[in-house]
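Numbering (the UniProt record's numbering), first residue to last: 1 to 651.
The beta-carbon is built from N, C-alpha and C at its ideal position, and this holds for glycine as well.
Given the structure is predicted, the values throughout are model-derived calculations rather than measurements.
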């Protein structure tokens, strides 16, 4: 008895820690499979001993409210659902009743209130008793109606979710790997609970209604199904739903299970709610569960396999993630052979060693995970050197989690921004090399310096077989690389990422030095300081960069890879020398304002972003506009000229 009580306390502490990590810190210290397994063990002990600890996760639901968002108590407590992985239990629940069956979405539950047809309030589930007011954020959800036809007070519940595609795209844009979100649910939680709804708006949060709480004056014929149909008529996107009975429940579960791999949004199971509203309400609830609803969690398909190796995958912040590579197995209709282990702490908890017999599954039927390790030989051979650069590694302990880092500041995996700038539109303009793709190539050793980008054809076979690539995308990439060989000296200089050297500065410097690469390498601070628009700071940064032998050799190597047209050295007549322009509004005779800027700079002029007393001309096709720039120009007696006027100046 004492041992069982002690085990119960251990489980409560461990599960609460895992839940805090998952819901508040966006980290994972155990898999969903392991959490469910320990939760069921705790529930069994509580039932056997007739004891439930006050802090037990079996009686506490939702995250603690920790942000600075306003708090509000729900009029009706938001309970969690009793759950099963057994269809037979669903049949017991159904009896002779009909029920609405729908996705159990894995996002953040929100309560919305509309009055007079307008959204008045949005509150998160929070603890189930108290939530956070996120009305401003809800107003920028991608698919939420601002106005609805119904003018009475409408209260409904639904799930805010972020799809897998948006999750992947947003995570790719986060430079700090430690800050990347582990799954769409964590990303959605962080997005919905922002203090700045501009961030929420960029995250493509979608809302799926699943329950009508209050809608007086409408006859729903005592049917939950009709309530959802009515919400759809009001303009809400409603969770996909069918009617189920004891006769067809097995077919319905199979239908949803077969469709989940097509869905872009995360789902961790299904929900059944009695269609008969009055009957469901008459049943009341337990202290934790409503009696009119039941959740069905996917019975994970689990396969045994053998761990072949741990692959260590470096990232741009130096974090090195362990990836388990195992003998391929079929799971949920696809072949899988790899699963992220996330960090060393999880490896140690699993006692994961090469050659171990492991059991794997797909979390939410989508993401491969290790369920358990059957042989537990122990963690070995954590790399002492980075697989990308060969530099020393170090183990870091943060938030009670062990992670591996590369200690070399010059590691190519950490130079992602430099490589991204090199291939960007204003630099070498190589399409098909997103930061995510660059990261994959660098980790695999395809790219170690800038010049390697021009020789990706060495890895043709590997690239063609990479996820997201094929023959066509490979050919397009190589074509873009070859096209990038034709460039200009200023763009090549800008692509190097020299501190304080933008494209405009690169143009000015290259022109002043007669577009001769040798003169760039030998330029002095004094020589550069004499160039109009180049101050002492820029001059020093430029000279310091090329004083480094590695940088000099890299530049010389790049000159062998690219073709710089001879005509660039032909100087335009400097008709705009010492003349400052500002360009605003749309252009008609040029492809964009940058092109106008290039024409001006090629003729000795300068383009700035704001109108000041030093401005000589404001170019704006809407000469009579009341814009702030036009007004400022008039106040300072600065001529406002159209594009036509500018073209006449060129003549």
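Have a look at the DSSP bridge pairing and note the partners of residue i.
{"i": "residue 617", "result": "581"}
{"i": "residue 114", "result": "119 and 154"}
{"i": "residue 641", "result": "619"}
{"i": "residue 369", "result": "361"}
{"i": "residue 320", "result": "314 and 404"}
{"i": "residue 147", "result": "118"}
{"i": "residue 326", "result": "307"}
{"i": "residue 398", "result": "401"}
{"i": "residue 473", "result": "Answer is none; residue 473 lacks a bridge partner."}
{"i": "residue 72", "result": "131"}
{"i": "residue 392", "result": "385"}
Spatial neighbours of residue i within its chain, please: C-beta separation below 6 Å, excluding the five flanking residues on both sides.
{"i": "residue 204", "result": "142 and 166"}
{"i": "residue 543", "result": "525"}
{"i": "residue 394", "result": "405 and 407"}
{"i": "residue 151", "result": "116 and 117"}
{"i": "residue 112", "result": "122 and 156"}
{"i": "residue 64", "result": "Here residue 64 scores only 45 on pLDDT, less than 50, and its place in the model should not be relied on; the value that follows carries that caveat. Correct list: empty, nothing qualifies."}
{"i": "residue 283", "result": "291 and 292"}
{"i": "residue 67", "result": "Legend: pLDDT at residue 67 = 46, less than 50; position of this residue unreliable, value from coordinates given subsequently. Answer for residue 67: 193, listed in chain order."}
{"i": "residue 359", "result": "302, 304, 371 and 372"}
{"i": "residue 585", "result": "620, 621 and 622"}
Please go through the same chain and pick out, in chain order, the residues whose beta-carbon is closer than 7 Å to the beta-carbon of residue i, but skip the five residues on each side of it.
{"i": "residue 136", "result": "197"}
{"i": "residue 568", "result": "Reliability fails at residue 568, whose pLDDT of 49 lies under 50, so the model's placement of it is uncertain and the value that follows must be treated cautiously. Excluding positions up to five away in sequence, the list reads 488, 489 and 515."}
{"i": "residue 340", "result": "321 and 323"}
{"i": "residue 420", "result": "435 and 438"}
{"i": "residue 640", "result": "618, 620, 623, 630 and 633"}
{"i": "residue 185", "result": "106, 107 and 266"}
Cβ of residue i versus every heavy atom of the ligand PLP: is any distance shorter than 7 Å?
{"i": "residue 243", "result": "The ligand PLP is absent from the structure shown, which contains no ligands of any kind."}
Can you give me the start and stop residues for the alpha helix (DSSP H) that residue i sits inside?
{"i": "residue 230", "result": "224-233"}
{"i": "residue 527", "result": "525-529"}
{"i": "residue 596", "result": "593-602"}
{"i": "residue 30", "result": "Taken as a continuous stretch (DSSP letters only), residue 30 belongs to no alpha helix (DSSP H), as it is neither H nor E."}
{"i": "residue 376", "result": "Premise fails: residue 376 is in no alpha helix (DSSP H) and is neither H nor E."}
{"i": "residue 185", "result": "184-192"}
{"i": "residue 632", "result": "628-635"}
{"i": "residue 437", "result": "435-443"}
{"i": "residue 345", "result": "344-350"}
{"i": "residue 87", "result": "87-94"}
{"i": "residue 460", "result": "460-464"}
{"i": "residue 555", "result": "549-561"}
I'd like to know whether the C-beta of residue i is nearer than 8 Å to at least one C-beta of chain B.
{"i": "residue 538", "result": "Of the protein chains in the structure, only one exists, and it is not chain B."}
Under 8 Å between the Cβ atoms of residue i and residue j?
{"i": "residue 132", "j": "residue 123", "result": "yes"}
{"i": "residue 99", "j": "residue 279", "result": "no"}
{"i": "residue 49", "j": "residue 12", "result": "no"}
{"i": "residue 464", "j": "residue 474", "result": "yes"}
{"i": "residue 611", "j": "residue 638", "result": "yes"}
{"i": "residue 485", "j": "residue 454", "result": "yes"}
{"i": "residue 368", "j": "residue 428", "result": "no"}
{"i": "residue 71", "j": "residue 161", "result": "no"}
{"i": "residue 294", "j": "residue 272", "result": "yes"}
{"i": "residue 546", "j": "residue 495", "result": "no"}
{"i": "residue 445", "j": "residue 354", "result": "no"}
{"i": "residue 102", "j": "residue 210", "result": "yes"}
{"i": "residue 85", "j": "residue 268", "result": "no"}
{"i": "residue 528", "j": "residue 498", "result": "no"}
{"i": "residue 351", "j": "residue 385", "result": "no"}
{"i": "residue 493", "j": "residue 456", "result": "no"}
{"i": "residue 110", "j": "residue 138", "result": "yes"}
{"i": "residue 270", "j": "residue 256", "result": "yes"}
{"i": "residue 159", "j": "residue 208", "result": "yes"}
{"i": "residue 520", "j": "residue 513", "result": "yes"}
Check for me: the beta strand (DSSP E) holding residue i runs from which residue to which?
{"i": "residue 214", "result": "206-214"}
{"i": "residue 241", "result": "241-244"}
{"i": "residue 101", "result": "99-105"}
{"i": "residue 135", "result": "Not the beta strand (DSSP E): residue 135 falls in the alpha helix (DSSP H), residues 135-138."}
{"i": "residue 606", "result": "606-608"}
{"i": "residue 413", "result": "That residue, residue 413, is in no beta strand (DSSP E); it is neither H nor E in DSSP."}
{"i": "residue 132", "result": "130-132"}
{"i": "residue 339", "result": "334-340"}
Give every residue of the same chain whose Cβ lies closer than 8 Å to the Cβ of residue i, excluding the five residues on either side of it in the sequence, and list them in chain order.
{"i": "residue 657", "result": "No answer is possible for residue 657: it lies beyond the span of the chain, which begins at 1 and ends at 651."}
{"i": "residue 306", "result": "326, 327, 355, 356, 357 and 358"}
- Going along the chain, which unbroken runs of the alpha helix (DSSP H) with 4 or more residues stay wholly within the region 483-545? 489-495, 503-512, 517-522 and 525-529
- Considering only residues of the region 244-309, which uninterrupted alpha helix (DSSP H) runs meet the minimum length of 4 residues and lie entirely inside it, listed in chain order? Every alpha helix (DSSP H) of 4 residues or more that sits fully in the region 244-309 is shown, in chain order, as 249-259 and 277-282.
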